[in-house]
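Add 4 to the 1-based position in the sequence shown for this note's numbering, that's all there is to it. For reference, the structure is listed below as structure tokens.
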Amino acid sequence: MRDEKSVEVGMSTSLPQSTPMTTGVSGKVAAAKQRQSKGGIGAGAIVAIFIVLILICCVGAWCVYAYRHPTSKSGLFLIDVNAAFL
């Protein structure tokens, strides 16, 4: 039977519980996955959204340019495309 004093002092006979060590890159990956699993948006999703927005802005700017300069190659292309769909 154990002595109560040894338990109070911390001299128990059970083995200490080990915790897995996460250091370096694997620790950063584990932390990122934990943050992402909490409902946060990932960095890849932010980059993808940013690229899509840039593409939409570029197409819109090209359409404005082609509309304002109808004799340019872009303007003539826009006229041909509109004529084909009408």
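Where is the CB? At the ideal position from N, CA and C, for every residue including glycine. Note that this is a predicted model, so its numbers are computed, not measured.
* **CB of Val78 within 8 Å of CB of Trp66, strictly** => It is worth fixing the name first, because residue 78 is Ser in this sequence and not Val. Contact: yes.
* Asked: Could you give the distance in angstroms between the alpha-carbon of Val51 and the alpha-carbon of Ile58?
  -> 11 Å
* Alpha carbon to alpha carbon, how far is Ile60 from Arg72? Give it in angstroms, no decimals. => 18 Å
* Could you check how far apart the C-beta atoms of Ala70 and Phe81 are, in whole angstroms? I think they sit under 8 Å. => 7 Å
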